[in-house]
Amino acid sequence: MNDFSASEMMIVAAARELSGTRVCFVGVGLPNIAVNLAKRTVAPGLELVYEAGVFGARPARLPLSIGDPTIVTGATAVTSMLELFGYYLQGGLIDVGFLGAAQIDSRGDINTTVIGQYETPTTRLPGSGGACEIAQNAKSIFVIMRQSPRSFVERLDFKTSVGDRVRVVVTDLGIYHRDDDGELRLGSVHPGADVERVRASMGWEPRVAPSVAQTPDPSADELRLIREELDPQGVYTR
Amino acid sequence: MNDFSASEMMIVAAARELSGTRVCFVGVGLPNIAVNLAKRTVAPGLELVYEAGVFGARPARLPLSIGDPTIVTGATAVTSMLELFGYYLQGGLIDVGFLGAAQIDSRGDINTTVIGQYETPTTRLPGSGGACEIAQNAKSIFVIMRQSPRSFVERLDFKTSVGDRVRVVVTDLGIYHRDDDGELRLGSVHPGADVERVRASMGWEPRVAPSVAQTPDPSADELRLIREELDPQGVYTR
Amino acid sequence: MVRDDGAVADNKVASMHDAISELVRDGDAVAIEGFTHLIGFAAGHEIIRQRKRDLTLCRLTPDLVYDQMVAAGVCRKLVFSWLGNPGVGSLHAIRRASEASPPQLELEEYSHFGMVCRYTAGAMNLPFFPLRSYEGTDLPRANPLIRPIQSPYSEERIYAVPALKPDVAIIHAQRADAAGDTQVWGLLGCQKEAAFAADRVIVVVEELVDESVIRADPNRTILPGLIVDAVVLEPFGAHPSYAQGYYDRDNAFYLDWDVISRDAESVDRWLDEWVIGVADRSEYVAKMGDARFLALRPTPAPSGSVDYGEYR
Amino acid sequence: MVRDDGAVADNKVASMHDAISELVRDGDAVAIEGFTHLIGFAAGHEIIRQRKRDLTLCRLTPDLVYDQMVAAGVCRKLVFSWLGNPGVGSLHAIRRASEASPPQLELEEYSHFGMVCRYTAGAMNLPFFPLRSYEGTDLPRANPLIRPIQSPYSEERIYAVPALKPDVAIIHAQRADAAGDTQVWGLLGCQKEAAFAADRVIVVVEELVDESVIRADPNRTILPGLIVDAVVLEPFGAHPSYAQGYYDRDNAFYLDWDVISRDAESVDRWLDEWVIGVADRSEYVAKMGDARFLALRPTPAPSGSVDYGEYR
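Protein chains in written order, with this note's numbering: chain A, 1 to 238; chain B, 239 to 476; chain C, 477 to 788; chain D, 789 to 1100.
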């Protein structure tokens, strides 16, 4: 058995869910590594789209931010943000969008705006960015986030993005899919976790699949790709 | 006295009216020659804009159509038509737009759509093209057209473009400006014409300036520029 | 086809015959866009040869290509904004059809900006696009799809046009790679908007280039292969219109058409000889003769190169 | 300045000091745009040095430049869509001001696409722009300027945002000529829209080039000199952000700022040393040292040249 970090497990789990996906709106950090891992494993035809205005990026290094110059050089197309959001995203060409969340609820609705009251927040978060329209226009949404009773909440302090199109939520403990009536359902727990620990790490009583699987360990090949090619300095994965 | 054609007189009269103009939406044919003549005489800072998507054109030859490749090579900027019409025209950057007309009325309203009933026209004309939005968004409108009782009409068969921003109408017989209450007023008659002949060549009783001027003849220099540089083959001017 | 990143790219290269045959269907709304520049004559002629029927043809300026298609009987309806032979005069075949009693051709008309906004709404998946036009004119009465819209921020009322989503867009371009990543320079018209608005896209190019040529200058790309269904290599496929840097507009033909098209029979003879009577565009080009195309060739005017920088 | 066509072109070249002094006024709405790429730090620092007051600062991502400007006290209100240190964490100075009780900074927030649409409406002189966003979220409640709009073509209701017309837009670019004709490659963000929407425009460039360089590739032009009021030559003026093909993002500084900005006093010290304490950007560049900029230089990746053709 390989030794691996929680971040590596999240990346691998998200990458596997991208099997066969064609067009993916990439965020920085873990989603970026997950998408690049998927492209090298389960989704070789994957096209990377960055909200900054890039389609078909082929970054020569791990992008440091959402708008790194390495996502431009060698890309298929660079466009204005009006066209990227208008023609690509709102035009319906994005299969999967990745979102992070400070808070998520059982419906997949997301808060990235404030903790506390909107007018007098205890914590001012970054806000929507493109999340609000990505959630409404990408065909499906992947969420990658660590779970805890503070992040998996019964009631959001603010609804920044709707959960209607959330398909998968990958956390440090397990994998959820949205079921037919729109509730997140725990389908798999990662190695080292179990359903009880998952339950204790969230603010609502989760739906649980009849037979919860254990997420397969990251393979040696997946770990090698992450460690040697995608994040050799371990910026995001250690 | 120089010998000159009616078209040459129209070109020269329109060019003189462009004195000091900065940004001009150019059409093909006579307006194109008039604008280029103005740039070489009374408006050296004139920027040529073509609806096809060109700002700051510097055509090396007389453009054959509204979208000749010679308006692109060496231009300042080439844009999509969305941006040309949206950011330049609707954005309020165009000082003068040129329009032609099959019919015009005493308010400067223009018909370029049909003669006869719209559904069953006796003559199907080209339609609006960009005229309708040029008339609404350029700061002022120049019309160049030949006048006759069939083109200067009391009642348009169809209103394609509104006359609110029409400033000058140059015909083969004279020059009209729109007066304070929005009626075209004859201010000048070309050499060889007189007020009576003008009156006989239109479908309404025109307002006439208290002292109608005679349009000065085209100068030798103006004629040389037209004949040697702008339309050496005489496509539009003979 | 294996790309240098190891992924397998679609090879969408097809003959014009196959592209039109598979992607253009009777009854379709078709947009062969290109404003004076890069007009897809080769595609239009192939549609005539394949005797497609009941097409709704969309274009700002129907130009000679739609005049020929209307004359050939493939078109039921035109959606347009300016109906003329640019710089020359009328489109006589279209006029004959629309002035006939009863009219042989349905017309739905906008202004240039209205048409551009319609494609843009289609590309953006918006139900409508707002614009400042039509106020005080007879156009909204002539076309009830031009409708007023109230600003949510003032008492101001402007106009809207509805999204236009053609079944097929056909775009002529200077170059593309086999996956359909397409680059254009010179006039851009509204080809990008029309293509993103359409269900299916055919790209016809002067040159088929390696993917690396496209990726060296990603700001020059107007369409990603993602939305392209077929790539057809057809040099001189925009003749008698022009391709910036490749060939000039063949103005003599625009003048000739003014004469040919004044009479229905002479149009038929022309179509028989130059469209129906040739197998494809390369036969048309051969028949036109090298000398004609040589005379249309401009001298070079290079753009110069910029540096994107390699960031590793 | 006499151009080769005999016309006299405006020479708009100015020092950063004069451009900011003449064109940015207390109380203005200012947009220093550039999405991760070409962020106008040199201009932001000059605004701080000139102690402008009560500015409304507009930007999708306020980034470090607005964090510094807020800390320096030039800003009354932010209009934005994503408030963070990209790839690093929070903007601490802005958080301190907005989490203070009572808040020291007014916030007006949209989404990225909402901000882009606001500038686009401004550029197009439209009162609003429609978009598919905000449905079912709390954002329209938090910001009542996000309003529903009914399609004139169906029962469908989407959302609209109002036009944003800044008093001043400040755009950093790779190159421009003396008249302000400006070219950018790499990420384009929404600089074109912001500039066309603004009353006044300052362009800051890495290189001042002859008009002939611009005119050789007109499709590369994002702004015509027509809408530009001043052109400032300021190499490395976007540092610590980047200029495609010229220098890389100085990520070490983004990480450093995360530490510096956690404490108001250390921010003041930094501003004293690197902004107030230097006369201009060239002094800042000299103080940073050549080695730092040398390390940010990419290797070449040329776009290649295309042919526009000379048509006479």
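Note that beta-carbon positions come from the ideal geometry of N, C-alpha and C, so glycine has one too. Since this is a predicted model, take the numbers as computed values, not measurements.
Chain A contact for residue i (CB, 8 Å cutoff)
{"i": "D/Val910", "result": "It is worth fixing the name first, because residue 910 of chain D is Gly in this sequence and not Val. So, not an interface residue."}
{"i": "D/Val790", "result": "Reliability fails at D/Val790, whose pLDDT of 38 lies under 50, so the model's placement of it is uncertain and no value is given."}
{"i": "D/Gly1025", "result": "no"}
{"i": "C/Asp686", "result": "no"}
Below-8 Å beta-carbon distance, residue i vs any chain D residue
{"i": "A/Asp68", "result": "yes"}
{"i": "C/Phe604", "result": "yes"}
{"i": "C/Ala483", "result": "Reliability of the predicted coordinates at C/Ala483 is poor, the pLDDT of 48 falling under 50, and the value obtained from them is presented with this limitation in mind. Not one chain D Cβ lies under 8 Å of C/Ala483."}
{"i": "B/Tyr288", "result": "no"}
{"i": "A/Asn137", "result": "yes"}
Beta carbon of residue i nearer than 8 Å to that of residue j
{"i": "D/Ala961", "j": "D/Ala819", "result": "no"}
{"i": "C/Ala547", "j": "C/Val754", "result": "no"}
{"i": "D/Leu975", "j": "A/Ala52", "result": "yes"}
{"i": "C/Val685", "j": "C/Val704", "result": "no"}
{"i": "D/Lys953", "j": "D/Ala986", "result": "yes"}
{"i": "D/Ala967", "j": "D/Lys800", "result": "yes"}
{"i": "A/Phe158", "j": "A/Gly97", "result": "no"}
{"i": "B/Thr398", "j": "C/Thr697", "result": "no"}
{"i": "B/Val404", "j": "B/Val433", "result": "no"}
{"i": "A/Val12", "j": "A/Pro218", "result": "yes"}
{"i": "D/Trp973", "j": "C/Val782", "result": "yes"}
Nearest neighbour of residue i, chosen from the options [CA to CA]
{"i": "A/Val198", "options": "A/Ala220, A/Asp172 and A/Glu183", "result": "A/Asp172"}
{"i": "D/Val867", "options": "D/Asn931, D/Glu994, D/Ser809 and D/Ile1002", "result": "D/Asn931"}
{"i": "D/Phe901", "options": "D/Val812, D/Val989 and D/Arg847", "result": "D/Arg847"}
{"i": "D/Phe1081", "options": "D/Phe823, D/His833 and D/Arg1037", "result": "D/Arg1037"}
{"i": "B/Phe323", "options": "B/Ala451, B/Thr311, B/Ala295 and B/Tyr288", "result": "B/Tyr288"}
{"i": "B/Gln328", "options": "D/Pro915, D/Tyr898, D/Gly1025 and D/Gln892", "result": "D/Pro915"}
{"i": "A/Ala75", "options": "A/Pro31, A/Leu93, A/Glu47 and A/Thr113", "result": "A/Glu47"}
{"i": "D/Gly977", "options": "A/Val72, A/Thr237, A/Glu133 and A/Ser128", "result": "A/Val72"}
{"i": "C/Val681", "options": "C/Asp494, C/Ala767 and C/Ile515", "result": "C/Ile515"}
DSSP beta-bridge partners of residue i
{"i": "A/Ser239", "result": "Given a span of 1 to 238 for chain A in the structure shown, any question on residue 239 of chain A remains unanswerable."}
{"i": "C/Lys553", "result": "C/Thr532 and C/Glu582"}
{"i": "B/Thr358", "result": "Answer is none; B/Thr358 lacks a bridge partner."}
{"i": "B/Ile342", "result": "B/Ile348 and B/Phe390"}
{"i": "C/Asp783", "result": "D/Pro1090"}
{"i": "D/Asn873", "result": "D/Gly877"}
Residue i - containing beta strand (DSSP E), residue span
{"i": "D/Pro734", "result": "This structure gives no information on residue 734 of chain D, because the portion of chain D shown stretches from 789 to 1100."}
{"i": "C/Phe605", "result": "Phe604 to Leu607"}
{"i": "C/Phe712", "result": "Counting along the chain, C/Phe712 falls outside any beta strand (DSSP E), and DSSP gives it neither H nor E."}
{"i": "A/Arg238", "result": "Where A/Arg238 is concerned, there is no enclosing beta strand (DSSP E), given that its DSSP letter is neither H nor E."}
{"i": "B/Gly335", "result": "Val334 to Leu337"}
Any chain C beta carbon closer than 8 Å to residue i
{"i": "A/Ile226", "result": "no"}
{"i": "A/Thr76", "result": "yes"}
{"i": "A/Glu229", "result": "no"}
{"i": "A/Glu8", "result": "no"}
{"i": "D/Glu981", "result": "no"}
{"i": "B/Val266", "result": "yes"}
{"i": "D/Ser1029", "result": "no"}
Limits of the unbroken alpha helix (DSSP H) element including residue i
{"i": "A/Gln147", "result": "Unbroken run through A/Gln147: none, as it is neither H nor E."}
{"i": "C/Leu540", "result": "Asp539 to Ala547"}
{"i": "D/Tyr1042", "result": "Asn1039 to Ile1048"}
{"i": "C/Ile524", "result": "Phe517 to Arg525"}
{"i": "C/His493", "result": "Met492 to Leu499"}
{"i": "C/Ile625", "result": "Unbroken run through C/Ile625 is the beta strand (DSSP E), Arg623 to Gln626; no alpha helix (DSSP H)."}
{"i": "D/Ile1002", "result": "Glu999 to Arg1003"}
{"i": "A/Val12", "result": "Ala6 to Glu17"}
{"i": "A/Glu222", "result": "Ala220 to Arg224"}
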